[in-house]
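Take a look at the structure set out below.
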Amino acid sequence: MERKSVTQRERIEKYYDTLLGQETGALSPDIVTYLLLVIAMMLLFIPVQELFVKGSSDRDLLFIVWTFTLFFTMSVSFYMMKYHAVSYGNNKTEAVSDMLLYMPLDRKENRRYLFGVMIRFLKKTTIAGLLMQLGVALIAYHSVSIWNIIYILVMTFVAPLVICGAQIMLRDIQPRR
Amino acid sequence: MNKERNLLEFAGVTGTSRKNYKLHDITFALPAGFIAGIAGENGAGKTTLFDYIMHPDKQYEGSILLDGKEIHDDYVSIRQQIGFVSEKNRFFMHKSARENAKLAACLFEEWDNDLFEKTMKEMNVAVSRPLAKLSRGEYMKFQTAYAMAHHPVLYLLDEVTAGMDPVFRIDYFKQLQTLLEDENTSVLMISHIQEEMDRKMDYIGVMEEGRLVSWKENL
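If you read the sequences in order, they're chains A and B. Residues 1 to 177 in our numbering are what the first sequence spells out, letter by letter. Residues 178 to 396 in our numbering are what the second sequence spells out, letter by letter.
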């Protein structure tokens, strides 16, 4: 009776916890994640006023937005990589979705779990981004604008959620021939 | 044995997807406590038959019942009751049998790790070796121990004994017989070995081009 009370969500969480626990030696994805994250986050020290108000060229704006999106999205991808694939040997990988194909697992719940992991990560980076952006705006301009908040929300939450969410859907469990 | 109670039942199952490898009007019933073999040439649809049971997104008309319940109505709980042994089943090959079992224990409700370790020991397969280093026979034994450990009622065995030496096959069927002693359990296996079909199976089905052209008792 006690076993029945364990929900699918709890089983999935335990599965990934066990999987990650077995892969404690694989540090490289984490190192890459945080390296890319630091590079991306440094761009958030440029206040949005600098980009829009002070007459920066479209090229500068595009360069910053593009560079940030590239590095940040890559860092989220690397962060999620450990939930999608296990690396071993000489650059060999095994896809977790393949291993789950014949398991008693609710695929929708699995997707929800992976989205949950990503959203938790994005929430933390969004809060950090907001603090950096608002802090610099206050120091440099002695005021903050709604655009400081919108800019950070779009760049560190909405855009990566869409891009990396698509990756989760594409890597979903499906039969291969 | 209870021939009155069908454990697995296909009733007029016809694939409706546009892709190849479709089944056509498959109907048969496997009672609890029996072992059935499916024979047929390559491409006849034997493995596809298993796919219809194992893949929740297969589209078909008719019904596939496990112990009276439509198999894809509640895939997660039905899947708990099926032991699947096949080359198509995927495991982390760089991890040991024990590590793979530890992961399975998170998802299978009735996982019995003591039974897994005991069965592996009885079959002489090391639990600490990476799966990639096991021979095909050892890998199949591992999969069988893995299937047994979650106490399924239906075993689906896809050409498990192919290419195995006769000693292995004798041992393997002894193992299956012990499973069938529990009258709630049935085995459906695909085999190319005629002698195995004639001597070991209670029911024999023959498939051709996605159709079950024959299903007969062999008791």
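We treat Cβ as the ideally placed atom computed from N, Cα and C, and that holds for glycine. On a predicted model such as this, the values are computed, not experimentally measured, just so you know.
Same chain, Cβ closer than 8 Å to residue i, neighbours up to 5 away in sequence not counted
i, result
"residue 85/A", "93, 94, 95, 96"
"residue 60/A", "51"
"residue 174/A", "97, 101"
"residue 287/B", "257, 327, 328"
Beta-carbon proximity list for residue i, same chain, < 7 Å, skipping 5 on both sides
i, result
"residue 252/A", "Any property of residue 252/A remains undetermined from this structure, which presents chain A solely from 1 to 177."
"residue 163/A", "73"
"residue 385/B", "217, 221"
"residue 3/A", "Because the pLDDT of residue 3/A is 48, which lies under 50, any placement of that residue in the model is unreliable, and the question is left without a value."
"residue 304/B", "273, 274, 275, 294, 297"
"residue 255/B", "243, 246, 248"
"residue 193/B", "236, 237, 238"
Beta carbon of residue i nearer than 8 Å to that of residue j
i, j, result
"residue 320/B", "residue 262/B", "yes"
"residue 18/A", "residue 280/B", "yes"
"residue 121/A", "residue 168/A", "no"
"residue 285/B", "residue 277/B", "no"
"residue 118/A", "residue 76/A", "yes"
"residue 29/A", "residue 81/A", "yes"
"residue 109/A", "residue 8/A", "yes"
"residue 403/B", "residue 325/B", "Lying outside 178 to 396, the shown extent of chain B, residue 403/B is not represented and no answer is given."
"residue 322/B", "residue 300/B", "yes"
"residue 16/A", "residue 83/A", "yes"
Residues that DSSP places opposite residue i in a beta bridge
i, result
"residue 104/A", "Partner(s): none; residue 104/A has no beta bridge."
"residue 233/B", "None, per the DSSP bridge assignment."
"residue 364/B", "212/B, 332/B"
"residue 192/B", "237/B"
"residue 85/A", "95/A"
"residue 394/B", "380/B"
"residue 389/B", "384/B"
"residue 262/B", "334/B"
"residue 273/B", "307/B"
"residue 217/B", "384/B"
"residue 246/B", "243/B"
"residue 206/B", "186/B"
Distance between residue j and residue i (C-alpha atoms, nearest Å)
i, j, result
"residue 313/B", "residue 202/B", "34 Å"
"residue 334/B", "residue 206/B", "17 Å"
"residue 347/B", "residue 302/B", "17 Å"
"residue 170/A", "residue 341/B", "38 Å"
"residue 370/B", "residue 355/B", "21 Å"
"residue 187/B", "residue 238/B", "11 Å"
"residue 233/B", "residue 69/A", "37 Å"
"residue 389/B", "residue 331/B", "20 Å"
"residue 49/A", "residue 41/A", "17 Å"
"residue 181/B", "residue 208/B", "7 Å"
"residue 79/A", "residue 184/B", "45 Å"
"residue 148/A", "residue 140/A", "13 Å"
"residue 1/A", "residue 89/A", "With a pLDDT of 40 at residue 1/A, under the threshold of 50, the modelled position of this residue cannot be trusted; read the value that follows with caution. Distance between the alpha carbons of residue 1/A and residue 89/A is about 42 Å."
"residue 376/B", "residue 191/B", "30 Å"
"residue 290/B", "residue 104/A", "17 Å"
"residue 266/B", "residue 35/A", "37 Å"
"residue 189/B", "residue 251/B", "20 Å"
"residue 112/A", "residue 379/B", "44 Å"
"residue 391/B", "residue 200/B", "14 Å"
"residue 373/B", "residue 345/B", "13 Å"
"residue 253/B", "residue 337/B", "25 Å"
"residue 11/A", "residue 136/A", "44 Å"
"residue 339/B", "residue 382/B", "18 Å"
"residue 224/B", "residue 204/B", "16 Å"
"residue 315/B", "residue 306/B", "11 Å"
"residue 106/A", "residue 195/B", "25 Å"
"residue 177/A", "residue 358/B", "For residue 177/A, the predicted model reports a pLDDT of 45, less than 50, meaning its position is unreliable and no value from the coordinates is stated."
"residue 241/B", "residue 151/A", "53 Å"
"residue 91/A", "residue 62/A", "35 Å"
"residue 165/A", "residue 231/B", "27 Å"
"residue 317/B", "residue 226/B", "20 Å"
"residue 146/A", "residue 67/A", "23 Å"
Close beta carbons around residue i, own chain, < 6 Å, minus the five adjacent residues each side
i, result
"residue 44/A", "129, 132, 133"
"residue 308/B", "268, 270"
"residue 258/B", "329, 330"
"residue 32/A", "78"
"residue 172/A", "none"
"residue 37/A", "75"
"residue 39/A", "71"
"residue 159/B", "Because chain B in this structure spans residues 178 to 396, residue 159/B falls outside the shown range and cannot be described."
Closer than 7 Å: residue i CB and nearest the ligand SAH heavy atom
i, result
"residue 135/A", "Absence of the ligand SAH is noted for the structure shown, with no ligands found whatsoever."
Cβ of residue i within 8 Å of any chain D Cβ
i, result
"residue 20/A", "Within the model displayed, chain D is absent; protein chains A and B are what it includes."
### Query
So does the segment 362-374 of chain B actually touch the segment 212-221 of chain B, counting three or more Cβ pairs closer than 8 Å?
The segment 212-221 of chain B and the segment 362-374 of chain B touch, with three or more beta-carbon pairs separated by less than 8 Å.
### Message
Using a Cβ distance threshold of 8 Å, determine whether the segment 238-251 of chain B contacts the segment 281-300 of chain B, with at least three qualifying pairs required.
### Response
No contact exists between the segment 238-251 of chain B and the segment 281-300 of chain B.
### Task
Say whether the segment 149-158 of chain A touches the segment 121-128 of chain A, bearing in mind that this needs 3 or more beta-carbon pairs closer than 8 Å, one atom from each stretch.
Counting Cβ pairs under 8 Å, three or more are found: they touch.
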